[in-house]
Amino acid sequence: MKSLRDLYRYGPGPSSSHTIAPYAASKRFASLIPEGEPVTVIFYGSLAHAFRGHHSDASVFLGLGERPISIYLDKETPPPHPLTMTFRCGELEHTYFSLGGGALFSHSDPEVNEKEVYPFPDFSSFVDAYSRSSFSSVADYIAMFEPGIRDYCGEMLDAMFASIERGLSTSGEIPANKNPRLQVSRSAKDIFARAELTEKGQGRRELLLSAYGYAVVEGSACGEEVVTAPTCGSSGVLPAVLYYEYKNKGVERTRLVDAMLVAGIVGNVVKQNASIAGSVGGCQAEIGTATSMASAALSFIDGLSLHQIEYGAEVAMEHFLGLSCDPVDGYVVIPCIERNGVGAIRAYDSYLYAKYIEPIRKNQVSFDDVVKAMKMTGDSLDEKYKETALGGLASILKEPPSDED
Ligand code: SF4
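Residues in the sequence shown are numbered consecutively from 11, following the numbering used here.
Shown next, in the form of C-alpha cells:
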C-alpha cells in the first residue's frame, strides 16, 4: 500500500483526478524542459469529456507556467486508461495516467509513480499482521510504518476544519455553465443555521453532518483547495464526521488524527484493490470509499474493536455498490454535493451498525469481499456512468441546446 500522504493530498477542487493530477503532471513535465518552450497537451477519455466542468485547463496552465500551451481534447481515441494525458515538448513526450485522488502513474516517467509504504495487500492481511504484533494501539502500529505521518495528518486535519469553517461562513453562486439546473448557491451556511434551530433527536445530527460535508465540497466545487479524502469530489464526508466529533462531542484532536490513520488504511485497501476514481469505478469508488473511511474513523474514535471497525466500513460500502458517477454537464455539483451530505450520514449509521448490530448478528461479508464486489461492479459499469457526463442524471438534466446550436 502507498503512503497516506498520497491519499490525503491538499490541492484545488473540484476533482482530484481532473485538477490535482493534471496540475502535478504539468508541474513535473515543466521541470523536465526549458523555461518558455511551447508544450502540447492531449487529454483523453474522461479528462476530455469532463474537461469544461472540471477546470482542468486552469490546472495545466498553473502547472506548466508561462509558455505557449496548446490543449487538445481527444474524445474518440480509446485511451489505455480512462484518465490519460500526454505532454509533448520538442522530442520529449510523456504520458501520465490519473489514478484518482491526485495520484499519477507513468511508464515513460516512473519518477511520478507512488512508492510502497505499507506491506499489506488487503484488509485481512493488515488485521493479521497487527494481531501478531506487540502493539496495543492500531494507530501506533500504522504510524510505525510512516515516520512523521501523525504530524502530516494533523496538518491535513487543520486544513479540513479550515475548509468547513470557511464554507459555513460563505455564501454565493457555485460556478457552472448556463444550465438552469446548475444555477445553485452555496448552502452550507443556511443548513448549519437550520441545524442550530433543530432539537437533538429531531434531525440535528443529520443537518450538522450535512452542513459540514456541504461546506467542504461546495468550496471544492468553487475551485478552492481541499484535502482529498480520498478525492476532491468526496472530500466532505470524512471531515464532516471528524468535525462533528470535535465540535459536538469534544473528541480530542490527537484522537481524530489517529482516526485518520485508521481511515487511511481503509481507503488504501480500496485504492490498491479496486479504485478511488469515479472515472474508473463510478461514484461507489469515491463516495463509497469516503463513507467507509468515515465509518471506520467513527468506530475507532468510539473505541470499537478492529473487527467492528471493519464491519462498519463494509456496511458503508456495501449499500453504495453500483452507484454511478453522473455529474451534470461535468460539473461537480449535481449529484456530488448532496452525496457528500448523505455519505456523512451513512457513515454515522454504519458506525452505529458496527457498535450495536455487529455484536448481535455475525457479518458474513468482509471488507475485502465488498471491495472485490465494488471492483467487479465498477469494471462492468458502462463508460457513461464513469464521470463522462453522458449517463444517468447527467443525461437527464444536461444543458438544453441554445438557439445558436
Ligand atoms: S458523481 Fe460522485 S464520483 Fe462522480 S464526480 Fe460526483 S462525487 Fe465524484
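Built from N, CA and C at the ideal position, the CB exists for glycine as well.
Measuring straight from C-alpha to C-alpha, what distance separates Pro240 and Glu216?
Here residue 240 refers to the residue found at position 230 when the sequence shown is read from its first residue. Here residue 216 refers to the residue found at position 206 when the sequence shown is read from its first residue. For the pair Pro240 and Glu216, the Cα-to-Cα distance works out to about 22 angstroms.
Where are the alpha helix (DSSP H) runs, 4 residues long or more, that stay fully inside the stretch 252 to 276, in chain order?
none
According to DSSP, is Tyr106 part of a helix, a strand, or is it coil?
As a working note, residue 106 is residue 96 in the sequence shown. Reduced to three states, the DSSP call for Tyr106 is strand.
His59 classed as buried or exposed, judged by whether at least 16 other C-beta atoms fall within 10 angstroms
As a working mapping, residue 59 is identified with position 49 in the sequence shown. Classification for His59: buried.
Using the Cβ count rule (16 or more neighbours within 10 Å means buried), how would you classify His65?
Numbered from its first residue, the sequence shown carries residue 65 at position 55. Its Cβ being crowded by 16 or more others within 10 Å, His65 is buried.
When the Cα atoms are used, what is the spatial distance from Ile406 to Leu400?
By one-based count along the sequence shown, residue 406 stands at place 396. By one-based count along the sequence shown, residue 400 stands at place 390. Cα-Cα distance, rounded: 9 angstroms.
Per-residue DSSP class, three states only, for Thr213
Translated into the one-based positions of the sequence shown, residue 213 becomes position 203. The sequence as given places Gly at residue 213; Thr does not occur at that position. Coil, per DSSP.
Tell me which residue opens and which closes the beta strand (DSSP E) that Tyr54 is part of.
As a position in the sequence shown, residue 54 is number 44, starting the count at 1. Element bounds for Tyr54: Val49 to Tyr54.
What residues are listed by DSSP as bridge partners for Leu114?
Translated into the one-based positions of the sequence shown, residue 114 becomes position 104. Beta-bridge partners assigned by DSSP to Leu114: Ser108.
Taking three-plus beta-carbon pairs below 8 angstroms as touching, is the stretch 35 to 44 in contact with the stretch 79 to 99?
yes
Are the beta-carbon atoms of Asp339 and Gly63 separated by less than 8 angstroms?
Position 329 of the sequence shown, counted from the first residue, corresponds to residue 339. Position 53 of the sequence shown, counted from the first residue, corresponds to residue 63. Going by C-beta atoms, Asp339 is nearer than 8 angstroms to Gly63.
Segment limits, alpha helix (DSSP H) that includes Asp138
Stepping through the sequence shown from its first residue, residue 138 is reached at position 128. Asp138 -> alpha helix (DSSP H) spans Phe133 to Arg142.
Along the chain, which unbroken stretches of the alpha helix (DSSP H) at least 4 residues long are found entirely within the stretch 216 to 252?
Counting only runs of at least 4 residues, the stretch 216 to 252 fully encloses no alpha helix (DSSP H) element at all.
For Asp378, collect the residues of the same chain with a Cβ closer than 6 angstroms to its Cβ; drop the 5 residues on either side in sequence, then sort them by chain order.
Mapped onto the sequence shown, residue 378 falls at position 368. Contacts found: Asp132, Phe133 and Ser134.
Any 3 or more C-beta pairs closer than 8 angstroms across the stretch 305 to 314 and the stretch 334 to 352:
no
Leaving out five residues on either side along the sequence, give the residues of the same chain with a beta carbon under 6 angstroms from the beta carbon of Ala205.
Taking the first residue of the sequence shown as 1, we reach residue 205 at position 195. Excluding residues within five positions, the ones whose Cβ falls inside 6 angstroms are Arg214, Leu217, Leu218 and Ala221.
Kindly identify the DSSP beta-bridge partner or partners of Met95.
Within the sequence shown, numbered from 1, the residue matching residue 95 stands at position 85. Answer by DSSP bridge pairing, in chain order: Phe53 and Tyr106.
Take every Cβ of the stretch 255 to 271, pair it with every Cβ of the stretch 70 to 80, and state whether three or more of those distances are shorter than 8 angstroms.
Counting Cβ pairs under 8 angstroms, fewer than three are found: no touch.
Environment of Arg371 [buried if 16+ CB atoms lie within 10 Å]
As a working mapping, residue 371 is identified with position 361 in the sequence shown. The residue is exposed, with fewer than 16 neighbouring Cβ atoms inside 10 Å.
Taking only three categories from DSSP, how would you classify Ile174?
For the purposes of this step, residue 174 is taken as residue 164 along the sequence shown, with counting starting at 1. Correct three-state label for Ile174: helix.
Given Val290, which residues of its chain have a CB within under 7 angstroms of its CB, disregarding the five upstream and five downstream residues?
Here residue 290 corresponds to residue number 280 of the sequence shown, with the count starting at 1. Contacts found: Pro92, Gly110, Gly388 and Lys396.
Minimum C-alpha distance to Ser118 - residue among Pro129, Lys125, His104 and Val127
As a working mapping, residue 118 is identified with position 108 in the sequence shown. The candidate whose alpha carbon is nearest that of Ser118 is His104.
C-alpha distance - Ser412 paired with Val194, whole-angstrom precision:
Numbered from its first residue, the sequence shown carries residue 412 at position 402. Numbered from its first residue, the sequence shown carries residue 194 at position 184. Going from the Cα of Ser412 to the Cα of Val194 covers about 20 angstroms.
Three CB pairs or more closer than 8 angstroms across the stretch 261 to 276 and the stretch 221 to 234:
no
Just curious, the alpha helix (DSSP H) that Asp378 is in, first and last residue?
The sequence position of residue 378 within the sequence shown is 368, counting from 1. Element bounds for Asp378: Phe377 to Ser390.
Answer with buried or exposed for Gly158, where buried requires no fewer than 16 other C-beta atoms within 10 angstroms of its C-beta.
As a position in the sequence shown, residue 158 is number 148, starting the count at 1. Exposed, since its Cβ has fewer than 16 Cβ neighbours within 10 Å.
Measure the alpha-carbon distance for Glu156 versus Lys365 and round it to whole angstroms.
On the sequence shown, position 146 is the one that residue 156 refers to. On the sequence shown, position 355 is the one that residue 365 refers to. One C-alpha to the other measures close to 29 angstroms.
Would a C-beta distance cut-off of 8 angstroms place Met354 and Gly246 closer than the cut-off?
Here the question's residue 354 lines up with position 344 in the sequence shown. Here the question's residue 246 lines up with position 236 in the sequence shown. Per the sequence shown, residue 354 should be read as Ala rather than Met. For Ala354 and Gly246, yes; Cβs fall inside 8 angstroms.
Assuming Glu324 and Asn373 make a contact with CB atoms under 8 angstroms, what is their CB distance in whole Å?
As a position in the sequence shown, residue 324 is number 314, starting the count at 1. As a position in the sequence shown, residue 373 is number 363, starting the count at 1. Right, their Cβ atoms sit about 7 angstroms apart.
Give a yes or no on whether the C-beta atoms belonging to Tyr361 and Ser305 are separated by under 8 angstroms.
In the sequence shown, residue 361 corresponds to position 351, counting from 1. In the sequence shown, residue 305 corresponds to position 295, counting from 1. Yes; because the gap between Cβ atoms is below 8 angstroms, this pair is in contact.
Pairs of beta-carbons, one from the stretch 182 to 199 and one from the stretch 137 to 148, closer than 8 angstroms: are there three or more?
Short answer: they don't touch.
Counting beta carbon pairs with one atom in the stretch 42 to 59 and one in the stretch 68 to 78, are three or more of them shorter than 8 angstroms?
Short answer: they touch.
Residues bridged to Cys335 (per DSSP):
As a working note, residue 335 is residue 325 in the sequence shown. Cys335 pairs with Lys396.
Give the DSSP-derived three-state secondary structure of Gly401 in the structure shown.
Counting from one through the sequence shown, the residue named residue 401 turns up at place 391. Here Gly401 sits in coil by DSSP.
With a threshold of 7 angstroms, establish whether the CB of Met397 neighbours any heavy atom of the ligand SF4.
By 1-based counting over the sequence shown, the position of residue 397 is 387. In the sequence as presented, Met is not what sits at residue 397; that position holds Glu. Glu397: yes, Cβ under 7 angstroms from the ligand SF4.
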